[in-house]
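> Numbering (this note's numbering), first residue to last: 1072 to 1188.
Just so you know, even glycine gets a beta-carbon here, dropped at the ideal spot from N, CA and C.
Below is one structure. I have some questions about it.
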Amino acid sequence: MKKLAIVFGVLAVCLIAVAVQPVSAAAQAGTWSGWISDSHCGVKGAGEKHTKECVAKCAKDGKVQFVADADKKIYDIDKAHWDEAMGHAGHLVEVTGSMDNGAITITKIAATAPVGK
1072 MKKLAIVFGV LAVCLIAVAV QPVSAAAQAG TWSGWISDSH CGVKGAGEKH
1122 TKECVAKCAK DGKVQFVADA DKKIYDIDKA HWDEAMGHAG HLVEVTGSMD
1172 NGAITITKIA ATAPVGK
């Protein structure tokens, strides 16, 4: 009987530990500031001199990516929003969407300053 109580106790502790564990694999919604780049240029492409033509050329053999301005981390952009993102190459942008496993699914993208300034 004592062994059964120990087994149930261990099982209860395991179930509680699983229940209170944070869900880190879930997508994180938010808004981030940064630059549009590509998998070839990476962080080097995070700036005003990076053109739409360069991103389009480099993305043919790679990916369109977002470089977060705060920490320079690179995130893949979902393929459905590549064209929209490439239109913002060379602009500091604000991206709204969800981030999951190093990729961003965009719901909104906009330049944070007037283009050409």
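1) State the beta-bridge partners of M1157 as determined by DSSP.
2) Which whole-angstrom value describes the C-beta separation of I1177 and D1149, a residue pair presumed to lie in contact below a C-beta threshold of 8 angstroms?
3) Could you pull the start and end residues of the alpha helix (DSSP H) that V1126 belongs to?
4) Which whole-angstrom value describes the C-beta separation of A1117 and G1101, a residue pair presumed to lie in contact below a C-beta threshold of 8 angstroms?
5) Please state the DSSP three-state secondary structure of K1191.
6) Would you mind sorting V1166 into buried or exposed? The rule is 16 or more other CB atoms within 10 Å of its CB.
7) Determine the burial state of Q1136: buried for a count of at least 16 other Cβ atoms within 10 Å of its Cβ, exposed for fewer.
8) Measuring straight from C-alpha to C-alpha, what distance separates Q1099 and T1183?
9) Rank W1103, C1125 and D1171 by C-alpha distance to the C-alpha of G1133 and give the top, closest one.
10) Determine the contact status of K1120 and G1158, defining contact as a CB-CB distance below 8 angstroms.
11) Within a Cβ cutoff of 6 angstroms, which residues of the same chain sit near C1085, ignoring the five residues on either side of it in sequence?
12) In three-state terms, what does DSSP make of K1120?
This is what the structure gives:
1) Indexing the sequence shown from 1 puts residue 1157 at position 86. DSSP, once it has assigned bridges, lists no residue as partnering M1157.
2) Position 106 of the sequence shown, counted from the start, is the residue given in the question as residue 1177. Position 78 of the sequence shown, counted from the start, is the residue given in the question as residue 1149. Contact holds; Cβ gap of about 6 angstroms.
3) On the sequence shown, residue 1126 is found 55 positions in, with the first residue counted as 1. Its alpha helix (DSSP H) spans residues K1123 to A1130.
4) Reading the sequence shown from its first residue, position 46 is the one you call residue 1117. Reading the sequence shown from its first residue, position 30 is the one you call residue 1101. Going by Cβ atoms, the distance from A1117 to G1101 rounds to 19 angstroms, so no, they are not a contact pair.
5) The requested residue 1191 does not occur in the structure, where the chain is confined to residues 1072 to 1188.
6) As a first step, residue 1166 must be located in the sequence shown, where it is residue number 95. Its Cβ being crowded by 16 or more others within 10 Å, V1166 is buried.
7) The residue given as residue 1136 occupies position 65 in the sequence shown. It counts as buried.
8) What you label residue 1099 is simply residue 28 of the sequence shown in a count that begins at 1. What you label residue 1183 is simply residue 112 of the sequence shown in a count that begins at 1. Cα-Cα distance, rounded: 22 angstroms.
9) Locating residue 1133 in the sequence shown gives position 62, where the first residue counts as 1. Nearest neighbour of G1133 by Cα position, chosen from W1103, C1125 and D1171, turns out to be C1125.
10) The count along the sequence shown starts at 1 and reaches residue 1120 at position 49. The count along the sequence shown starts at 1 and reaches residue 1158 at position 87. Not closer than 8 angstroms, so no.
11) Stepping through the sequence shown from its first residue, residue 1085 is reached at position 14. With a pLDDT of 46 at C1085, under the threshold of 50, the predicted position of this residue should be treated as unreliable, though the coordinate-derived value follows. Nothing listed; no residue qualifies.
12) Here residue 1120 is taken as the residue at index 49 of the sequence shown, counted from 1. Correct three-state label for K1120: coil.
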